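According to UniProt numbering, the sequence shown is numbered sequentially starting from 1. Before any comments, here is the structure.
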Amino acid sequence: MELRYKSFRGFMDRFTVDIACFQEVKLPEARVTKELACVPGFQSFWATSTSKPGYSGVTTWCRCPEAAPRQAAADCLGGEEQPELDTEGRVVLTDHGAFVLINVYVPNAGDRPERARLEYKLAFLRALRRKMDELTAEGRQASGSECRRGRRALMPPVREQCPAEPRDVHAAIGYDTLYDERELSELRSMAAAYPDVWRRLHPEQEGTYTVWEERTSARAFNVGLRIDYVFVSLGLLPYVESCEVLSANDIPPKWSDHAALLFKLRVRSQVTSSAISAEPAAQEGSLPAEAHPEAPGGHGGDDQQVGNVGGSCHMWYGHQLSHVF
């Protein structure tokens with residue numbers, strides 16, 4: 001990244017990104033250094049695996065003050081009833097006033113024929129859907145207010161681990177043999193309630209994938225799958241401006257076996273929202289989202305600046321799954 005963009009900040013500025021979401025970061029909390037977390041001009045929010053250090057992990061970077069969240073939480077799907085869903089560092093939720101963003105790395109169900117983690121994956125997807133429905137029921141979606149400029153977010157979308165429809169899988173791979181019908185049913189149900197933004201904007205496009213098998217050089221032949229998504233609530237759909245899969249020229253294949261998505265959302269000029277159940281956002285810096293001890297208000301963290309600025313949000317999705325409300 002430094003060779004091409006000089007720095008992480010240079011990378012963010014190149015795409016005028018306000019929010020960047022990464023999945024499968026694979027860093028234990030002890031290795032989240034100040035250099036990684038404290039990018040000048042940004043806050044970062046981390047979910048790290050507590051059950052298996054160095055496994056999975058998601059991170060959300062937010063430009064300050066334009067996209068600084070008023071609250072943030074990590075691994076907040078299972079709660080007391082399903083605590084096992086909150087131990088693998090798979091979710092960072094940030095409340096930006098005009099919208100709530102959920103940066104998600106969905107579990108893999110495992111290889112056939114055992115599919116050892118299928119039940120865990122299904123439980124995770126259902127908990128995610130409940131959280132999305134709860135936020136929507138609270139009115140957490142853009143509607144009825146004036147929209148002005150736009151803000152961009154460069155973030156990795158929700159990485160789903162199963163494609164929604166056959167044309168999202170190259171014929172050489174085979175759609176019918178890859179996934180359990182229950183996995184597909186959960187994803188189709190989610191996409192029906194929360195539109196898949198890229199597909200909504202590109203209804204006829206085929207041959208666009210976001211992940212390729214590295215061992216077989218599949219990317220060179222474009223033999224891949226589309227499993228990276230941005231889903232939005234119906235109330236936000238009119239405010240979507242664009243969603244594009246970035247090319248290998250923008251994100252070199254050696255950085256990841258996944259392509260990134262660049263998503264642009266217009267946000268409201270005035271926002272009123274009820275608080276979500278989460279910890280306050282930290283000052284510009286490095287703490288995991290679930291462990292922020294300081295209330296908003298210092299350098300880059302003014303609660304009054306969040307959600308009261310008209311514009312568009314440019315988001316970059318770097319590895320898998322993100323939901324916006």
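Think of the CB as a built atom: it goes at the ideal place given N, C-alpha and C, for glycine as much as any other residue. Because the structure is a prediction, the values reported are computed rather than measured.
Go to residue i, then tell me how far its beta strand (DSSP E) extends in each direction, as first and last residue.
i	result
Val240	240-245
Phe11	Looking at the DSSP string, Phe11 is not in any beta strand (DSSP E); the run it does join, the alpha helix (DSSP H), is 8-14.
Arg31	Segment: none, Arg31 is in no beta strand (DSSP E) and carries neither H nor E.
Phe231	228-232
In chain order, what residues of the same chain lie with their CB nearer than 7 Å to the CB of residue i, ignoring the 5 residues before and after it?
i	result
Gly144	Caution applies to Gly144, whose pLDDT of 25 falls short of 50 and renders its modelled position unreliable; the model cannot decide the point.
Ser7	none
Asp257	Val211, Trp212, Glu214
Leu237	Pro195
Tyr120	Pro107
Pro53	Pro28
Glu206	Arg167
Thr50	Thr87
Ile251	Ala259, Ala260
Ala193	none
Glu84	Gly78
Ignore the nearest five residues each way along the sequence and tell me which others in residue i's own chain have a CB closer than 6 Å to its CB.
i	result
Gly10	none
Leu287	Only weak support exists for where Leu287 lies, its pLDDT of 38 falling under 50; the coordinates are left without a value.
Thr60	Cys21, Phe45, Val92, Thr94, Asn103
residue 342	Residue 342 falls outside the range modelled here, since the chain spans only 1 to 325, and no answer is possible.
Asp75	Ala47, Asp86, Val91
Tyr5	Phe11, Arg14
Val25	Gly57, Thr59
Ser217	none
Nearest CA to the CA of residue i: which residue from the options?
i	options	result
Leu78	Glu213, Leu184, Met132	What sits at residue 78 in the sequence shown is Gly, not Leu. Selected option, being the one with the closest Cα: Met132.
Lys264	Asn108, Ser7, Asn249, Thr16	Thr16
Val240	Asp250, Trp212, Ala220, Arg200	Arg200
Gly235	Glu181, Val58, Asp168, Leu135	Leu135
Arg115	Ala172, Leu178, Gly57	Leu178
Trp198	Glu213, Arg215, Ile227	Ile227
Ser56	Asn108, Asp18, Ala98	Asn108
Cys243	Pro253, Val232, Asp13	Val232
Val245	Ile251, Leu261, Val230, Trp255	Leu261
Tyr229	Glu80, Thr50, Glu165	Glu165
Arg112	Gly89, Pro40, Asp180	Asp180
Ser189	His96, Lys26, Arg129	Arg129
Gly110	Pro203, Glu183, Lys26	Glu183
Ala172	Val223, Ser49, Pro203	Val223
Thr208	Val25, Glu80, His96, His170	His170
Between which two residues does the alpha helix (DSSP H) holding residue i run?
i	result
Thr136	118-137
residue 336	Because the chain is modelled from 1 through 325, residue 336 falls outside the range shown and cannot be assessed.
Val197	197-201
Ser44	That residue, Ser44, is in no alpha helix (DSSP H); its beta strand (DSSP E) goes 42-47.
Phe22	Taken as a continuous stretch (DSSP letters only), Phe22 belongs to no alpha helix (DSSP H), being part of the beta strand (DSSP E) at 19-23.
Ala192	181-193
Could you check how far apart the C-beta atoms of residue i and residue j are, in whole angstroms? I think they sit under 8 Å.
i	j	result
Phe124	Val106	6 Å
Glu186	Arg117	The Cβ separation is near 14 Å, so there is no contact.
Asp168	Leu225	6 Å
Gly89	Val58	6 Å
Gly41	Arg14	No, Gly41 and Arg14 are not in contact; Cβ-Cβ is about 14 Å, not under 8 Å.
For residue i, is the beta carbon positioned less than 7 Å from some heavy atom of the ligand MG?
i	result
Lys6	Because no ligand of any kind appears in the structure shown, any question about the ligand MG cannot be addressed here.
Sorted by chain position, which residues of the same chain lie with C-beta nearer than 8 Å to residue i's C-beta, five sequence neighbours on each side aside?
i	result
Gln82	Ala123, Ala127
Ser247	Ala259
Is there at least one Cβ from chain C nearer than 8 Å to residue i's Cβ?
i	result
Glu24	This model lacks chain C altogether, as it is built from one protein chain only.
Open item on the list: Please give me, in chain order, every unbroken run of the beta strand (DSSP E) with length at least 3 that falls completely inside the region 41-115.
Closed with: 42-47, 58-63, 71-74, 91-95, 100-104
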